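First the structure, in the form of structure tokens, and then the observations on it.
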Amino acid sequence: MSAKTNLMYEYGAQKFWKWFKENEEWINNCTAKVKTAVVRAVDKKLKEAFPYIQGGFDFLLGFNQENGEFYFHHWGRKELICAGKALKKFIPPEVAKRWKVDVKKYPPFMR
């Protein structure tokens, strides 16, 4: 992967996490109450952060004992693998204290 491509994924991940951090309280509240608005908002921000990725994003949000869980599934698609790795790598440390990010090929029910 080229340096330019790496920078695109890095920038996208940082852009996403900036929004996430600014909206974390709302995300926590919605996730804990299983509100679909948060899923639509996260999906929208992922699409804005990684506009060069065609198709949708596959992820799960959850809450486990006061900690958030963000599962990103790439289905073996190279561009989603890169996006997932960047999301995991560039999560802000203060967000990482409260949120687990896991990047897998398939959702748990398919493994």
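Taken in order, the sequence shown gives residues 1 to 111; the numbers are from the numbering used here. Quick reminder that beta carbons are idealized off the backbone N, C-alpha and C, glycines included. Please read these numbers as outputs of a predicted model, since none were measured by experiment.
For a cut-off of 8 Å, the C-beta gap from Val103 to Lys78 is around 13 Å, too long to register as a contact. In the three-state reduction of the DSSP assignment, Lys47 falls in the helix class.
In this chain, Val103 is not harboured by any alpha helix (DSSP H); it is covered by the beta strand (DSSP E) spanning 99-104. By a beta-carbon distance limit of 8 Å, Glu10 contacts Phe90. Their separation comes to about 6 Å.
DSSP links Glu69 through a beta bridge to Gly62, Lys100.
Listed in chain order, the non-local C-beta contacts of Leu46 below 7 Å within the same chain comprise Phe16, Phe57, local neighbours out to five positions each way being set aside.
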